[in-house]
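Chemist: Just so you know, we're using UniProt numbering here: the sequence shown kicks off at 1 and counts up by one.
Backbone N, C-alpha and C fix where the C-beta goes; we use that ideal spot for every residue, glycine too.
Could you have a look at this structure, given as structure tokens, before my questions?
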Amino acid sequence: MEVEGVEEGGPPPPEVQVNFWEMEEHTRQSIGQCYDDGVFQLAANLGAVVIDARGKRFKVNASLDEIKEKWLKERTVIFIFQDEARELSRGVKEDLIRAYEDGWAARRLFNPELRRGRVKFEGPNVVSYVAKATEVATWLAQKGTISLNLKGKDYTVTLKPWMTKQELKELKLREAENNFWIVALRVPLEAMYYVASAAEGLVGGVKYMHPPEADRTKPKLVNVKLDMEPQVRFRVEDHLMIESPSGEIWKVEIATPFSDWCRKCWWYFHTEENCPRQSSDGSPRRVWANSRLPSQQAPVQHHQGIQVEDQHVAGQVPVAPLQQQQQLRPQQQQLSQQQQLPSQQQQQPSQQQQQPSQLSHAQLNHPFDASAPSVSSPTGILEYAKMYYSDILTSRRPREEVDADLSSELDMWEDTDRSLSATDCLSLDRPFTLEELQHTLAVMAAGKCPGRDGLTVEFYRNCWDAVGPPLVEVYNKVLIEENLGELMTFGVISVLFKKGDKASIRNYRPISVLNVSYKLLAKALALRLGKILPKLVERDQGAFVQGRSIFINILTTIESIEVLREENLNMAVLLLDMEKAYNRVGWPFVLTTLRKMGFGPCFCKWVVAMYTTAKSAVQVNGHLSEAFHLSRSLRQGCPLAPLSFVLQLEVQLNRFRKHPRIRGLRISPSRECRVKALADDLFVISDNSLESMLAVKEVLAEYSQLSEALVNWNKSVYLLPQAFALCVEWGMVRVDPEKGERFLGVLVSTQSMGMAQGAVLQQKVVSKIQSWGFAGHLSLFGRAMVVNIALFSLVGFVGAVREITGSTLSQVRRLAARFVWKPRAKGQEGFVSKLAWDLATFPREQGGLGLIDPQRRNQAQLRKWLANVAMAEEKEDWVFLAERRLQREWQLSRGDDEVLVQTLFENPFILNNDGVQFSAGPEAGAFGRSWIRRGVLRISDLWSDLLGGWKPLEEFRLPLYGLRRVEENWRTLLQVILSDWQALLGPEGLDPPGTWYAPVNEQPQDVVWKLQGLSESGFRKVQEWKRVGPTGKLQLLGEKEISVWQNPPQIRVVEYRDGRNLLDSVVWVGNAPLCSLPIDPRAWGWSQGRPSTTSPACYDLVSFSTQESYKMTRNQSRTPAAVAAARWSAVLQLDLQDCTEDFEELWRVLFRIGNSYLLSYLGR
């Protein structure tokens, strides 16, 4: 059919939208003809053809659609069949409506000329009735509820005014807030009896339990509906977990009014758009039957002698123009010979081979239906995998704009007070430049698998002059509301097996293989954000933040559990597993977090463009599924995803930190340890009380409701001292104290894990050695390198936070030595070491094999923690916990506050010259009672904070007036107070030049002083420095004189110098006064016992490193040179003890020329 004004085969020309409100009456007549008489209009001005990234479609006129909705609301009523009426067939339901129509017609309630209305089934139990007159629709809507009789039986029907689908959905959600319910789906027969009690125990607020069937004449036991209190909706999870006495777990799925509902298959958790029972051609089918369907060949189009398959069949994505040109060029040269171009499907296997999948086993179970059969065919496995990932990557929240402000629903962000500065915001929002993207491309790893377009990082580097400028233009056009394009945002999901049952798709990690053009934008944004992230994220988060370490959280976990065990505290440590954390995160939650933290509109637009228009397809065993849209997920494989995940998770962590009802482990008078995170691994420590634990669950439920992330309670565990039982039952498993639980690669338990951890390490080392086989292709030095890199790295990870037992290290050394000297040894077969172990640990240039001694490195790694304490920017939880344990174990006490509260009298630490306490009694010669009565009782009464020293005697003459020997007793007390206590209180007198201070109430803030000396006028002369950034680096401002010296506290500043001994940088240690530091890094260090020609006798904690500590403990009296000299002396019958330096020089020469054979021979 031809339409006037439209060219055949092309879209209609763009037109200015007509305002139909100006001709409303005529428009209403036209709409009435459609709905009343079935006469449809053909007019070009009803809308316009739109072609964009979402495809080609007809977009209707906005004003016309508003008039149509107004007309329908006036003339349409919704019939909702309730209770037993739901079981009636569609034909019977329509007959009931017609019978009711005949009833009011017979009673002549309206104009007799009115004809029957039109009926439209919106769902199995919802019918739209379009009346012929407004008064009929109004009368029906006012009825509310009617009873329709059929064969003597009444059926209840609810009547409501017509609403759009969006309005109806919003109404249901509003009603759900007041009339909340849950449905337990497909309840196992054994668990049916316990469902209501389980819901009350795990969720609470059960009001009423509906019968399990709608028709009492057809009794069933399938789904159970429970009416609940509205306030418990935040505590509802996806499953109820019920455990039998024998340990069997019954898992019951839970649906709520907020769950998606499909009107095609009449089931929850998806909509009609992503219904798993709907095939690509629109025909319904059961998904597990796909493996028995014949494969369909993609249709082929013929154009100018070239045979090309339809690129949009089976979820394929158009090939990039540049790649298409590369593919077509060889074929275009041979068109004269009528050679056909290979189809895209024939070229795909080469690309798919570059993206191998790990899901290569024989069968796969249905991801949702346990009763469905397993599949083993490639198409069946692919369908199940696609079904699972398309479901998990689909949002469960009501449809809303991606930039919707979720804080209006539930303000979790009220505890998040960190935000970007204006400078940082502008830095993130600035448009991209060619130079910035080129630098980003340079730091991207090469040799990675390409995306769907087949273009690698190396390609972009070599062709940057051609592809760079267009990419800059595309990225910056996003800021003016343009999209990135379908191909650029397309990702291929490749699955990697983790652990567990290989037949369950849930045990695979989805990695999105993305195009370099996409990853380049994400990487550029990640580099910008990475510099700012430490300012926004607290130190409790240890992943993907510059300057943070995984070992901090591991050590905090170990020390927390040790404190609970040693002090027998009734507190629970929860190790929570977030189920598919990256894949479940909702985009509205991420964007709300960005806006609350002060991110600008440009950065948010880039995030929206990267995620909200994305499509993915699943690849399994070389087969690619149909493409599907994503409505949530931070893609694993996207460089920006980890940083975005850390930012949004900070909202939940802040909630934990500041929640008034959560009680964590008290580590100081004003500080608690409550939560730690390493990406999606959560560590929560809470008081084992209902109030605190339920508050923890409440925070998790709030976060789950808004972000859609879920805690997998079946995989989550908890630790608790043996004397206590957990006060709640959430499905978590208690950690066996003897076996322990692996947390971030280290075993943790309420008992010592030395032996268990050692057994695990030995098993890993044996497994790694077996993976190398006989290593016949490796030389002696090559095997030594394998031992260091592949074997001892396993030990070094655990050794960074825990002392490894001597027996374990001995076994590890023996296994390593056997691999070095006899790699073909089997089982417990013996071997002969040709070089003593301590000699083999010397560097190759000194005659050894360069082997690492695991025991010495373990000790060096643990010593490094003292340097970490001394040089830390702030005092972290693990430091407080370490102090607490040491104070308890060694009965330590430190700090000027503790000194000041010490009493002067009857104190066993303050003794007179005869070694006796100063008495506060009435005996002769005692002055304590009289001084106490005058208010002089504690050391704080003698100390002056203002002067930074002891108060002068003149200040005591008035309060102690009339007492005898005041001066003598005053001097005696000052002499016998412990010198260590006086050192804690602070030095007296004028400090030497070079002393650093943190002035009190100085403006601007973060200013420190360096004492230069006294000026001619007698005032102190100082250099003024300002702290720049959180690392404590200082910048010189100038010099000044201080007329009023208020005794500011001293600080520790370290001056770093370069190779020419010139000042390179100045750093303020700890950003706090010296008296507040746990350790003074200049006052303490490690001594190696005797000086060496190559290393100092002592390393202070500023210059201390693990490497230097490792070298420091080496046995210098028994070196390879000394042993070689002794052996050759015995062979040659000569005294060669003075030739050790010659041997060392020989080894250095051979090492430089690479003669490994001679180098090893000299050490034998």
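#1: Excluding the 5 residues flanking V823 on each side, which residues of the same chain have their C-beta closer than 7 Å to its C-beta?
#2: Alpha carbon to alpha carbon, how far is R856 from G796?
#3: Would you identify the three-state DSSP class for N583, choosing helix, strand or coil?
#4: Give me the Cα-Cα distance between A48 and R118, rounded to the nearest whole angstrom.
#5: Label P992 either buried or exposed according to how many other C-beta atoms from any shown protein chain fall within 10 Å of its C-beta, with 16 as the threshold for buried.
#6: Classify I381 as buried or exposed, calling it buried when 16 or more other Cβ atoms lie within 10 Å of its own Cβ.
#7: Between the alpha carbons of H629 and M871, how many angstroms are there, rounded?
#8: Report the start-end ranges of each beta strand (DSSP E) in the region 453-505 that is 3 residues or longer and not cut off at the edges.
#9: Consult DSSP for D1006 and reduce its assignment to one of helix, strand or coil.
#10: How big is the Cα-Cα spacing for A800 and I550?
#11: So Q363 and S376 are in contact, right, with Cβ under 8 Å, and what is the actual spacing, rounded?
#12: In terms of alpha-carbon separation, which member of E69, L911, P398 lies closest to residue 1166?
#13: Please classify C638 as buried or exposed, where buried requires at least 16 neighbouring CB atoms within 10 angstroms.
#14: Is the Cβ of L159 closer than 8 Å to any Cβ of chain C?
#15: Going by other Cβ atoms of all chains shown within 10 Å of its Cβ, with 16 needed for buried, is P588 buried or exposed?
#16: Nearest to L634 by alpha carbon, out of V608, V651, V618, Y193?
#17: Going by C-alpha to C-alpha distance, which of M241, Q846, P398, P450 sits closest to D1142?
#18: Can you list, in chain order, the residues of its chain with a C-beta nearer than 8 Å to that of E69? Leave out the 5 residues immediately preceding and following it.
#19: Distance check for A522 and F459, CA to CA, integer angstroms please.
#20: Report the option in D501, V492, F603 whose CA atom is closest to the CA atom of E481.
#21: Quick one: residues in its chain with C-beta nearer than 8 Å to the C-beta of V224, no 5 flanking neighbours on either side, listed in chain order?
#22: Compare the Cα-Cα distances from V492 to each of G500, S421, V620, L706 and report the closest residue.
#23: When the Cα of S749 is compared with those of F258, Y961, W730, P721, which residue comes out closest?
#24: Quick check: what's the CA-CA separation for N19 versus L479?
#25: Roughly how many angstroms separate the alpha carbons of A105 and N45, rounded to a whole number?
#26: Can the beta-carbon of E876 be found closer than 8 Å to that of R539?
#27: Identify whether Y961 lies in helix, strand or coil by the three-state DSSP scheme.
#28: Please state whether DSSP places F628 in a helix, a strand or coil.
#29: Quick one: what's got a C-beta closer than 6 Å to E1041's C-beta in the same chain, skipping five residues either side?
#30: In angstroms with no decimal places, state the Cα-to-Cα distance between A759 and D680.
#31: From N365 to K502, what distance separates their C-alpha atoms?
#32: Would you kindly work out how many angstroms separate the C-alpha atoms of W821 and W878, rounded to a whole number?
#33: Hey, I78 and L159: beta-carbon distance below 8 Å or not?
#34: Span of the alpha helix (DSSP H) holding L720?
#35: Can you tell which of G530, V675, V1066 has the C-alpha that lies nearest to the C-alpha of N553?
#36: Could you give the residue range of the alpha helix (DSSP H) that holds N969?
Modeler: For this structure:
#1: One detail in the question is off: residue 823 reads as Pro in this sequence, not Val. Closer than 7 Å at the Cβ level, and outside the excluded window around P823, lie F774, A775, R783.
#2: 11 Å
#3: helix
#4: 29 Å
#5: Counting C-beta atoms within 10 angstroms of its own C-beta, P992 has fewer than 16 neighbours from the protein chains shown and is therefore classed as exposed.
#6: buried
#7: 49 Å
#8: 491-497
#9: The answer is coil: DSSP assigns D1006 none of H, G, I, E or B.
#10: 10 Å
#11: The Cβ separation is near 4 Å, so the contact holds.
#12: Residue 1166 falls outside the range modelled here, since the chain spans only 1 to 1164, and no answer is possible.
#13: Per the 10 Å Cβ criterion, buried.
#14: Among the protein chains of the structure shown there is no chain C, as only one such chain exists.
#15: buried
#16: V608
#17: The candidate whose alpha carbon is nearest that of D1142 is Q846.
#18: T164
#19: Going from the Cα of F459 to the Cα of A522 covers about 18 Å.
#20: F603
#21: V183, A184, V187, M192, V195, A196, M209, H210, P212
#22: V620
#23: P721
#24: 30 Å
#25: Taking the straight line from one Cα to the other gives about 39 Å.
#26: yes
#27: Looking at Y961 - three-state DSSP - the assignment turns out to be coil, as it is neither helix nor strand.
#28: strand
#29: S1015, F1019, K1021
#30: 28 Å
#31: A direct Cα-to-Cα measurement between N365 and K502 gives close to 9 Å.
#32: Approximately 42 Å, taken between the alpha carbons.
#33: yes
#34: Where L720 is concerned, there is no enclosing alpha helix (DSSP H), given that its DSSP letter is neither H nor E.
#35: If we check each option's Cα against that of N553, V675 comes out closest.
#36: 966-976
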